[in-house]
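Report on one structure; see the data block that follows.
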Amino acid sequence: MGNTVGGGSIRIFAKKSSDRAVREGLPECFPRLWRFCLSLTGRRDAADDLAQMTCARAIEKAQHFEPGTHLDRWLFVMARRLWLNELRRDSIRGSAGFVSADEIEISDNSAPMETNIFARQVLSELNRLPEAQRVAALLVFVEGCKYAEAAEILEIPIGTVMSRISAARVTLARRVAQATGTNE
Amino acid sequence: MTDRNVFSDQDLSCYLDGETSGPMSEAIDRALATDPALRQRLAELKAGEEAFAAAMVAAAQAAPAMPEIAQSLPVPANRPLRAGLAGVAVGAVAAIGLAWNLWQTPEADWHDVVANYQSLYVTETLAQVDLSPAAQKADLDRLSKGLGIDLTVLPQVAGLSFKRAQQLGYRGKPLAQLTFLTADGGPVALCIIETGSETSDAINAAVLSGLDTYSWTDNGFGVLLVGPKGQKGLENAAEMFRSALKDAAV
């Protein structure tokens, strides 16, 4: 298996086309990437940061993307790893200690009206579930992933996806039943 | 009224996602035709999901505009990504990454090493191992003494046949390795080492070296159950092992 001149130029071509695929695909994927980040973080500001950081990392690592495969899933895996390995602990520490309750209060009051409505409706729906369940629920209920695909993205066993999805459904069903007064 | 509990919530959840096996799916179809309580339960599970999905559709619509970094950088890829916003982001990642390294627990290390080692196991590694119950017991006793945790309390788990217990070592500390074969010949290992780490609330599931792993810590002992990817029943086995080992420290 000798090195050939042709092999080298194919690599350069592949690198360029990977790079283009990522750059051209990102805008279309971005709203769903951001939503995925929101489901990981449970917070809007942290989702903004994580989505932005994922875009930067995606462009940096674009040569590893295989054109023709799912860019959205590639981004989800990247966002999840960034969150788990580099941001999560910092973000949790920030929300628990470094930012005082007063500051949170002020920033919430100064947010535009639609932000507050968004926060109330979407975030409260999202935060009904623990982090691990809501990410699995987003992938299966909303992104339409099969269990095997969700397991691949989240890097967990399929059986775990199955139990998280089931637990999420039971919790969500209970809330709906409570809200509509159709309790058993 | 028919007993709707023949099907678990997980059965119904899989059914809604089209992830049930043929016979189970047909059984649920048949039951739905005659069981209004089951239809009601299925509708409740579906309704919860729909409320969640509606909120998530709204979330994507409320997403902010894509940050500049992704659009503004020129296509020639050789320019290093160290300027402007991207530079800030990359810098932040590096700083947080450093903090992460300082903080990272030894758990991650030994989990990786064990999973990596386990990935070399094949059916044949264990198929010929055929120790008498007395010999197995003697091994477990010896290991328990060395490790300071009574391994003889471990229950038989359906679908896992116990092959042998060995002492391995990790960074100068004894590491107990109990190996099993699944009914279809998949190699499974239960590994235990004293880490001194805090007790974990939940069993943590992860895929390492292409294998399914379940890990937890109780009484300063770290435990990792590792088996073939997609192996059914492993999570259940992890729960049984955990509850047996909980009070086994001596």
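Top line first, the protein sequences correspond to chains A and B. The numbers in my numbering rise by one with no breaks, and the one at position 27 of the first sequence is 27. The numbers in my numbering rise by one with no breaks, and the one at position 24 of the second sequence is 1024. From the three backbone atoms N, C-alpha and C, an ideal C-beta is built for every residue, glycine too.
Distance check for residue j and residue i, CA to CA, integer angstroms please.
{"i": "aspartate 1247 (chain B)", "j": "glycine 1222 (chain B)", "result": "14 angstroms"}
{"i": "leucine 1045 (chain B)", "j": "alanine 173 (chain A)", "result": "5 angstroms"}
{"i": "phenylalanine 65 (chain A)", "j": "serine 18 (chain A)", "result": "6 angstroms"}
{"i": "glutamate 149 (chain A)", "j": "proline 157 (chain A)", "result": "11 angstroms"}
{"i": "glycine 1159 (chain B)", "j": "valine 1226 (chain B)", "result": "14 angstroms"}
{"i": "arginine 35 (chain A)", "j": "alanine 1063 (chain B)", "result": "7 angstroms"}
{"i": "aspartate 1201 (chain B)", "j": "aspartate 1029 (chain B)", "result": "38 angstroms"}
{"i": "serine 166 (chain A)", "j": "glutamine 1010 (chain B)", "result": "5 angstroms"}
{"i": "glutamine 63 (chain A)", "j": "lysine 146 (chain A)", "result": "27 angstroms"}
{"i": "cysteine 1191 (chain B)", "j": "leucine 84 (chain A)", "result": "24 angstroms"}
{"i": "arginine 128 (chain A)", "j": "serine 1209 (chain B)", "result": "33 angstroms"}
Decide if residue i is buried, meaning its Cβ has at least 16 other Cβ atoms within 10 Å, or exposed.
{"i": "lysine 1163 (chain B)", "result": "buried"}
{"i": "glycine 1196 (chain B)", "result": "exposed"}
{"i": "threonine 1213 (chain B)", "result": "buried"}
{"i": "isoleucine 1048 (chain B)", "result": "Note on residue identity: the sequence assigns glycine, not isoleucine, to residue 1048 (chain B). That one is buried."}
{"i": "proline 1076 (chain B)", "result": "Only weak support is given to the placement of proline 1076 (chain B): the predicted model assigns it a pLDDT of 39, under 50, and the question is left unresolved by the model."}
{"i": "glycine 1186 (chain B)", "result": "buried"}
{"i": "valine 1129 (chain B)", "result": "exposed"}
{"i": "arginine 1142 (chain B)", "result": "exposed"}
{"i": "arginine 1171 (chain B)", "result": "exposed"}
In the DSSP assignment, find the unbroken alpha helix (DSSP H) run with residue i in it and report its ends.
{"i": "arginine 1164 (chain B)", "result": "Counting along the chain, arginine 1164 (chain B) falls outside any alpha helix (DSSP H), though it belongs to the beta strand (DSSP E) covering 1160-1170."}
{"i": "serine 1132 (chain B)", "result": "Counting along the chain, serine 1132 (chain B) falls outside any alpha helix (DSSP H), and DSSP gives it neither H nor E."}
{"i": "aspartate 1009 (chain B)", "result": "1009-1016"}
{"i": "serine 163 (chain A)", "result": "158-180"}
{"i": "aspartate 1247 (chain B)", "result": "Where aspartate 1247 (chain B) is concerned, there is no enclosing alpha helix (DSSP H), given that its DSSP letter is neither H nor E."}
{"i": "leucine 964 (chain B)", "result": "Nothing about residue 964 (chain B) can be read from this structure; chain B reaches only from 1001 to 1250."}
{"i": "glycine 1022 (chain B)", "result": "1022-1034"}
{"i": "methionine 53 (chain A)", "result": "44-60"}
{"i": "glutamine 133 (chain A)", "result": "131-137"}
{"i": "leucine 1151 (chain B)", "result": "Unbroken run through leucine 1151 (chain B): none, as it is neither H nor E."}
{"i": "alanine 148 (chain A)", "result": "147-154"}
Can you name the start and end residues of the beta strand (DSSP E) that residue i belongs to?
{"i": "lysine 1173 (chain B)", "result": "1173-1182"}
{"i": "glycine 1222 (chain B)", "result": "1221-1228"}
{"i": "cysteine 1191 (chain B)", "result": "1187-1194"}
{"i": "alanine 1205 (chain B)", "result": "1204-1208"}
{"i": "tryptophan 74 (chain A)", "result": "It is not in any beta strand (DSSP E) - tryptophan 74 (chain A) instead sits in the alpha helix (DSSP H) that spans 71-82."}
{"i": "tyrosine 1121 (chain B)", "result": "Segment: none, tyrosine 1121 (chain B) is in no beta strand (DSSP E) and carries neither H nor E."}
{"i": "aspartate 1201 (chain B)", "result": "It is not in any beta strand (DSSP E) - aspartate 1201 (chain B) carries neither H nor E in the DSSP assignment."}
Am I right that residue i and residue j are in contact with their C-beta atoms under 8 angstroms? What's the rounded C-beta distance?
{"i": "phenylalanine 141 (chain A)", "j": "phenylalanine 1052 (chain B)", "result": "6 angstroms"}
{"i": "threonine 54 (chain A)", "j": "methionine 78 (chain A)", "result": "5 angstroms"}
{"i": "alanine 1189 (chain B)", "j": "leucine 1178 (chain B)", "result": "7 angstroms"}
{"i": "alanine 1249 (chain B)", "j": "glycine 1148 (chain B)", "result": "7 angstroms"}
Using a cut-off of 8 angstroms between C-beta atoms, extract the partners of residue i located in chain D.
{"i": "glycine 1186 (chain B)", "result": "Within the model displayed, chain D is absent; protein chains A and B are what it includes."}
Please tell me whether, using a cut-off of 8 angstroms, the distance from the CB of residue i to the nearest non-hydrogen atom of the ligand MG is below it.
{"i": "valine 135 (chain A)", "result": "Of ligands this structure carries none, so the ligand MG is not represented either."}
Exercise. Mind checking the stretch 1004-1028 of chain B against chain A and listing, in chain order, the residues whose C-beta falls within less than 7 angstroms of any C-beta there?
Key: Asp1009, Gln1010, Ser1013, Cys1014, Asp1017 and Glu1019
Practice problem: Using a Cβ-Cβ cut-off of less than 7 angstroms, give me the residues of the stretch 30-61 of chain A that come near chain B, in sequence order. | Solution: Phe30, Pro31, Arg32, Trp34, Arg35, Leu38, Asp48, Gln52, Met53, Cys55, Ala56, Ile59 and Glu60
Quiz item: Any residues in the stretch 1034-1064 of chain B with a beta carbon nearer than 7 angstroms to a beta carbon of chain A? Which ones, in chain order?
Solution: Glu1044, Leu1045, Ala1047, Gly1048, Glu1049, Ala1051, Phe1052, Ala1053, Ala1055, Met1056, Ala1058, Ala1059, Ala1060, Ala1062, Ala1063 and Pro1064
Quiz item: What residues in the stretch 1193-1215 of chain B bring their beta carbon closer than 7 angstroms to a beta carbon of chain A?
Solution: Ala1205, Ala1206, Val1207 and Asp1212
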